[in-house]
Ligand code: BEZ
Ligand code: FE
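In the working numbering, the protein residues as written are 57 to 349.
Rendered as structure tokens:
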């Protein structure tokens, strides 16, 4: 019996037997996690005095989530996001000292192409130009060579390529190898707030709960480097609408960035910019793998 299961929960024979039913799992962590899950789910049923009709509604919700889930869309993942579970997993698994992590979301694409460091992702599309640059550092502020940035965001109409047939599937996404000092830079556009998908059971739940459906504007970034814990995170332009009520609870104070006027003529020349443009500077900090084992 694992240490987190106290006697009180064993008084109810159903809870006791359900917890014990997992005790022979070959993987002790599976036994521990399932016992705790049973403990808390049973407590939820008991404390809420859940009726049969209410549980049936719950099962119908899960069935509808399964029916709308396919290889491009995962309603369970969205449910985890809007319940704050994805963010709680981020919080409890965050190694100390590094840049905070944030939700991955459904629009990451493993097939983003490698672009040169200093690439221009804008390709004539509408949107305010933003020079995004920074470094990948360790927890002592020392540059990490050979880091990789995987970047994606939505377009000026608020949509990701997967939601908008008019966009090239590779629009506003790329992978970049950072330089020997951990430096990276690219030209992109200002991202926009957008709503999570609302046409499934999660949307119905949000509506029934009078909850918001919006996420604040953000850049998505995955930072990786050999020997360091990979970081899945987001950067949120300060002042964006919904920054204080992200419906998936992904905003962390350390991930809010200023979007400033940029007057760097070298950069204007690098990207052929003739109009005013902005910049966002951010240094990522990665935790060594050895410190988490
Ligand atoms: C997103 O950032 O794209 C996202 C994250 C969680 C749920 C839905 C969308
Ligand atoms: Fe997103």
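Glycine is no exception: its CB is placed at the ideal position from the N, C-alpha and C atoms.
From which residue to which residue does the alpha helix (DSSP H) around residue 76 run? One-based indexing of the chain shown puts residue 76 at position 20. For residue 76, the enclosing alpha helix (DSSP H) stretches over residues 69–76.
Measure the Cβ-Cβ separation of residue 336 and residue 242 and say whether it is below 8 Å. Locating residue 336 in the chain shown gives position 280, counting from the first residue. Locating residue 242 in the chain shown gives position 186, counting from the first residue. No Cβ-Cβ contact shorter than 8 Å links residue 336 with residue 242.
Compute the minimum distance between the beta carbon of residue 163 and the heavy atoms of the ligand FE, and state whether it is under 7 Å. The sequence position of residue 163 within the chain shown is 107, counting from 1. Result yes, Cβ under 7 Å from the ligand FE.
At which residue ranges does the region 180–219 contain complete beta strand (DSSP E) runs of 3 or more residues, listed in the order of the chain? Fully enclosed beta strand (DSSP E) runs of 3 or longer: 185–194, 204–208.
Specify, as a first and last residue, the run of the alpha helix (DSSP H) that residue 119 falls within. Indexing the chain shown from 1 puts residue 119 at position 63. 108–124 is the extent of the alpha helix (DSSP H) around residue 119.
Stretch-stretch touch, CB-based, cutoff 8 Å, three pairs: the region 306–314 with the region 207–222: Flag = no, the region 306–314 and the region 207–222 do not touch.
For the region 115–125 against the region 253–267, do three or more pairs of beta-carbon atoms, one drawn from each stretch, fall closer than 8 Å, so that the two count as touching? Counting Cβ pairs under 8 Å, three or more are found: they touch.
In terms of alpha-carbon separation, which member of 330, 306, 283 lies closest to residue 343? Here residue 343 corresponds to residue number 287 of the chain shown, with the count starting at 1. It is 283.
Terminal residues of the continuous alpha helix (DSSP H) containing residue 138? As a working note, residue 138 is residue 82 in the chain shown. Per DSSP, residue 138 belongs to the alpha helix (DSSP H) from 131–138.
Report the option in 69, 252, 180 whose CA atom is closest to the CA atom of residue 223. On the chain shown, residue 223 is found 167 positions in, with the first residue counted as 1. Nearest Cα to residue 223 within the set 69, 252, 180: 180.
DSSP-derived helix/strand/coil call for residue 317: Walking along the chain shown from the start, residue 317 turns up at place 261. Three-state DSSP puts residue 317 in a strand.
For the putative contact between residue 290 and residue 275, defined by C-beta atoms under 8 Å, what is the C-beta separation to the nearest angstrom? Translated into positions along the chain shown, residue 290 becomes position 234. Translated into positions along the chain shown, residue 275 becomes position 219. Rounded, the Cβ-Cβ distance is 6 Å, consistent with contact.
Enumerate in chain order the residues of its own chain whose CB-to-CB distance from residue 217 is below 7 Å, with the five nearest sequence positions on each side excluded. As a first step, residue 217 is located in the chain shown; it is residue number 161 there, counting from the start. So the list reads 223, 224, 225, 227, once near-sequence residues are dropped.
Look at residue 193 and residue 341 and say whether their C-beta atoms are less than 8 Å apart. Position 137 of the chain shown holds residue 193. Position 285 of the chain shown holds residue 341. Yes.
Out of curiosity, what's the CA-to-CA distance linking residue 107 and residue 134? Translated into the one-based positions of the chain shown, residue 107 becomes position 51. Translated into the one-based positions of the chain shown, residue 134 becomes position 78. Roughly 26 Å separates the two Cα atoms.
What is the residue span of the beta strand (DSSP E) that residue 340 lies within? Along the chain shown, one-based indexing puts residue 340 at 284. Counting along the chain, the beta strand (DSSP E) containing residue 340 begins and ends at 340–342.
Over what stretch of residues does the beta strand (DSSP E) that includes residue 335 continue unbroken? The residue labelled residue 335 in the question sits at position 279 within the chain shown. In the DSSP annotation of this structure, the continuous segment of the beta strand (DSSP E) that includes residue 335 starts and ends at 333–337.
Can you grab the Cα-Cα spacing for the pair residue 207 / residue 67, in whole Å? Translated into positions along the chain shown, residue 207 becomes position 151. Translated into positions along the chain shown, residue 67 becomes position 11. C-alpha of residue 207 to C-alpha of residue 67: approximately 51 Å in a straight line.
Whose C-beta lies closer than 8 Å to the C-beta of residue 168 among residues of the same chain, with five residues either side of it excluded? Here residue 168 is taken as the residue at index 112 of the chain shown, counted from 1. Same-chain partners within the cutoff: 206, 207, 208, 226, 229, 230, 231.
Counting C-beta neighbours from all protein chains within 10 Å, is the total for residue 254 16 or more, i.e. buried, or is it exposed? Within the chain shown, numbered from 1, the residue matching residue 254 stands at position 198. Residue 254 comes out exposed.
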